[in-house]
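For reference, each letter of the sequence shown is one residue, going 179 to 289 in my numbering.
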Amino acid sequence: MSFFSLFRAPTHDELYLQISQMIVAHSLAYPVEIEKIEKQYAVPVASEIAYLLLHIVDRLAFQHLPRDQRSTVFDRITVMVAMEYADVGLVDSSDVDKRNDYLKRWIETYN
């Protein structure tokens, strides 16, 4: 990595990845703050927070992006968030069928 690459604008894919990673990190951190929550409810609470953050991203995309780009950008971010959730260990990543089923259910739940 060169010195000047630090000052370049991120590509769209890099930006989508950063957004998805921030959504997952913040949604997983919030249930930890609630000490009274039982561990069995932590993942559903984190998912609901992720859905809320995705809703905010959708609203911002609606305000700032042209009509033809909104759904493409939002769909890519949604898939990346679902993949990030699978990658952080909420699903056994060695079982491909189970992981794909999880991703499909997560995206369908959001839509």
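We put the beta carbon where it would ideally sit given N, CA and C, even for glycine.
The model shown is predicted, which means the values in this text are computed figures rather than measured ones.
Exercise for review: Go ahead and label residue 206 buried or exposed: buried means 16 or more other beta carbons lie within 10 angstroms of its beta carbon, across all protein chains shown.
Suggested key: buried
Check your understanding: By a C-beta neighbour count over all protein chains shown, 10 Å radius and 16 as the cutoff for buried, is residue 259 buried or exposed?
Key -> Buried: at least 16 other Cβ atoms inside 10 Å.
Practice item. Please list, in chain order, all residues of the same chain as residue 202 whose beta carbon is under 8 Å from its beta carbon, the five residues on each side excluded. Key: 228, 259, 262, 263, 266
**Study point:** residue 273 (DSSP reduced to helix, strand or coil)
**Key:** coil
Check your understanding: Among residues of its own chain, excluding the 5 on either side of residue 243, which ones have a beta-carbon nearer than 7 Å to its beta-carbon?
Key -> 251
Exercise for review: Please report how far the alpha carbon of residue 275 lies from the alpha carbon of residue 189, in whole angstroms.
Suggested key: Straight-line Cα distance between these residues: approximately 31 Å.
Practice item. Please classify residue 232: is it buried, with 16 or more other beta-carbons within 10 angstroms of its beta-carbon, or exposed? Key: buried
Practice item. For residue 197, I'd like the list of residues in its chain whose CB is within less than 7 Å of its CB, leaving aside the five on either flank, ordered along the chain. Key: 235, 255
Practice item. Put residue 222 into one of helix, strand or coil per three-state DSSP. Key: helix
Point to revise | Residue from 237, 247, 246, 280 with nearest C-alpha to residue 257 | key: 280
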